[in-house]
Amino acid sequence: MEKTWVCLGVDIGGTTTNFGFVDMYGKVHYEASFPTRAFEPGELHLERLHYSIEEAWDRMHATYSLEGIGIGAPNGNFYQGTIVNPPNLNWGTIEYAEKMKQWYSVPIRLTNDANAAAFGELQFGGAQGLRDFMVITLGTGLGSGIVANGDMIYGFDGFAGEVGHTVVIRGGRQCGCGRRGCLETYASASGIRRTAVELMADLNITSELRAIPFTDLNGKRIAEAAQNGDELALEAFKRTGDILGMGLADAVAYTAPEAIILVGGLAKAGDLILKPTRESFEAHVHSLWRNKIKIKLSGLADGNIAILGAAALIWREIAD
Numbered sequence: 050m051e052k053t054w055v056c057l058g059v060d061i062g063g064t065t066t067n068f069g070f071v072d073m074y075g076k077v078h079y080e081a082s083f084p085t086r087a088f089e090p091g092e093l094h095l096e097r098l099h100y101s102i103e104e105a106w107d108r109m110h111a112t113y114s115l116e117g118i119g120i121g122a123p124n125g126n127f128y129q130g131t132i133v134n135p136p137n138l139n140w141g142t143i144e145y146a147e148k149m150k151q152w153y154s155v156p157i158r159l160t161n162d163a164n165a166a167a168f169g170e171l172q173f174g175g176a177q178g179l180r181d182f183m184v185i186t187l188g189t190g191l192g193s194g195i196v197a198n199g200d201m202i203y204g205f206d207g208f209a210g211e212v213g214h215t216v217v218i219r220g221g222r223q224c225g226c227g228r229r230g231c232l233e234t235y236a237s238a239s240g241i242r243r244t245a246v247e248l249m250a251d252l253n254i255t256s257e258l259r260a261i262p263f264t265d266l267n268g269k270r271i272a273e274a275a276q277n278g279d280e281l282a283l284e285a286f287k288r289t290g291d292i293l294g295m296g297l298a299d300a301v302a303y304t305a306p307e308a309i310i311l312v313g314g315l316a317k318a319g320d321l322i323l324k325p326t327r328e329s330f331e332a333h334v335h336s337l338w339r340n341k342i343k344i345k346l347s348g349l350a351d352g353n354i355a356i357l358g359a360a361a362l363i364w365r366e367i368a369d
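Using this note's numbering, the first residue of the sequence shown is number 50, and each one after it goes up by one.
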């Protein structure tokens, strides 16, 4: 019997690591996850990933052929195959791709998680057929993958495309990178939580958010309140979209993308974030690009975006 070709996509997050086996059409044939355990050394995470992969592959190898492994990780360097001082992980620098080669003889590629998302959109999602676009990941922070003339922009050191760490408000909020006023401190899941807290202090209006402890307050809870018509939650989304749109209006001046695709947890809020972002973008963008650049949500299925993106690293290489 002819085996089905699959690539393994691995998404390493600060809380959870997800992986799945993906065919050339973007169908996920198997997926699983396990806790990342940020306090552990990266080498232990690598061993647990290997164990989890082998446990799954034991049930699959008879009917599937593994063609390669793609990995998306915070601060992943495509050139070196390394993960470098990832935020929220106590790893330092680890030669992750190289260490995986002790177990697997297939091609192994690693990149920044936002770049992986961009590859996923290009291979399977809303960027198919596009040569110039930008993917913005709205998670705990704000990541970005930028494709120009059909190629991912990595820069000379592999770390290009950090739109989340462009300063939008001088002397603004403290960022995890050590600077102040970075875009991701306002336009992200953690950013909108900070905005909601500030609004609760500044505005004397009733809100269901006031009954939620700070540790339980997140983008999903704020979105649910906004969908219920909560005035304060709606204002939080408006202010977040205002700043995101302004930041993106500056970012497009460098590559003039045809489209900007929003992915990640905060993007699941749909029009709550999309509408104010579009309005602010058009108000701030240079007239050369006004009403020309599309801002839209991901074309990939919820839950599989990161896995598909990581697997697409290999599928695009095979196609080339």
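Virtual Cβ for every residue (Gly too), placed ideally from N, Cα, C.
For this session: May I ask you to report which of helix, strand or coil DSSP gives residue 223?
Result: Locating residue 223 in the sequence shown gives position 174, where the first residue counts as 1. DSSP places residue 223 in strand when its eight states are reduced to three.
For this session: Go ahead and pull the three-state DSSP assignment for residue 209.
Result: If you number the sequence shown from 1, residue 209 lands on position 160. Three-state result, residue 209: coil.
Exercise. How long is the line joining the alpha carbons of residue 201 and residue 195, rounded to whole angstroms?
Worked result: What you label residue 201 is simply residue 152 of the sequence shown in a count that begins at 1. What you label residue 195 is simply residue 146 of the sequence shown in a count that begins at 1. Between residue 201 and residue 195, the C-alpha separation is close to 6 Å.
Problem set entry | Selected residue, minimal CA-CA separation from residue 320, among 207, 286, 189 | In the sequence shown, counting from the first residue as 1, residue 320 sits at position 271. Taking only the C-alpha atoms, the option nearest residue 320 is 286.
Exercise. Ends of the alpha helix (DSSP H) at residue 243?
Worked result: Translated into positions along the sequence shown, residue 243 becomes position 194. Note, residue 243: alpha helix (DSSP H), 238-251.
For this session: Kindly indicate the opening and closing residues of the beta strand (DSSP E) around residue 5.
Result: Residue 5 lies beyond the range of the chain shown here (50 to 369); nothing can be said about it.
For this session: Return yes when the Cβ of residue 85 is within less than 9 Å of the Cβ of residue 94, no when it is not.
Result: Along the sequence shown, read from residue 1 onward, the residue named residue 94 stands at position 45. Along the sequence shown, read from residue 1 onward, the residue named residue 85 stands at position 36. Closer than 9 Å, so yes.
Problem set entry | Other residues of its chain near residue 78: CB distance less than 8 Å, five sequence neighbours each side excluded | To locate residue 78, count along the sequence shown from 1; it is residue 29. Here the set comprises 53, 55, 69, 70, 71, 72, 109, 113.
Exercise. Roughly how many angstroms lie between the CA atoms of residue 124 and residue 174, to the nearest whole one?
Worked result: Locating residue 124 in the sequence shown gives position 75, where the first residue counts as 1. Locating residue 174 in the sequence shown gives position 125, where the first residue counts as 1. About 23 Å.
Problem set entry | For residue 364, the first and last residue of its enclosing alpha helix (DSSP H) | For the purposes of this step, residue 364 is identified with residue 315 of the sequence shown, where counting begins at 1. Where residue 364 is concerned, the enclosing alpha helix (DSSP H) stretches over 354-368.
Problem set entry | Neighbourhood of residue 279 by C-beta, 8 Å cutoff - its chain only, sequence neighbours within 5 removed | Here residue 279 corresponds to residue number 230 of the sequence shown, with the count starting at 1. Excluding sequence neighbours, residue 279 sits near 256, 257, 258.
For this session: Determine the extent of the alpha helix (DSSP H) in which residue 329 is found, giving its start and end residues.
Result: Numbered from its first residue, the sequence shown carries residue 329 at position 280. 320-333 is the extent of the alpha helix (DSSP H) around residue 329.
For this session: Kindly indicate which three-state DSSP category residue 116 falls into: helix, strand or coil?
Result: The residue labelled residue 116 in the question sits at position 67 within the sequence shown. In this structure, residue 116 counts as strand in the three-state DSSP scheme.
Exercise. Ends of the beta strand (DSSP E) at residue 79?
Worked result: Position 30 of the sequence shown, counting from 1, holds the residue named residue 79. That run of the beta strand (DSSP E) goes 77-84.
Problem set entry | Host alpha helix (DSSP H) of residue 175 (start-end) | As a working note, residue 175 is residue 126 in the sequence shown. Element bounds for residue 175: n/a, residue is neither H nor E.
Exercise. Cβ atoms of residue 323 and residue 9: under 9 Å apart, would you say?
Worked result: With the chain running from 50 to 369 in the structure shown, residue 9 is simply not present.
Problem set entry | In DSSP terms, what residue 183 is bridged to | Position 134 of the sequence shown, counted from the first residue, corresponds to residue 183. Residue 183 pairs with 195, 309.
Exercise. What's the C-alpha gap between residue 150 and residue 144?
Worked result: Along the sequence shown, one-based indexing puts residue 150 at 101. Along the sequence shown, one-based indexing puts residue 144 at 95. C-alpha separation (whole angstroms): 10 Å.
Exercise. In chain order, which alpha helix (DSSP H) runs of at least 4 residues are fully inside the stretch 275-311?
Worked result: 280-304
For this session: Check whether the Cβ atoms of residue 311 and residue 289 lie closer than 9 Å to each other.
Result: The residue given as residue 311 occupies position 262 in the sequence shown. The residue given as residue 289 occupies position 240 in the sequence shown. Result no, Cβ atoms of residue 311 and residue 289 do not sit closer than 9 Å.
Problem set entry | Close beta carbons around residue 305, own chain, < 7 Å, minus the five adjacent residues each side | Taking the sequence shown and counting its residues from 1, one reaches residue 305 at position 256. Cβ neighbours of residue 305 within its own chain (closer than 7 Å, five residues either side excluded): 181, 338.
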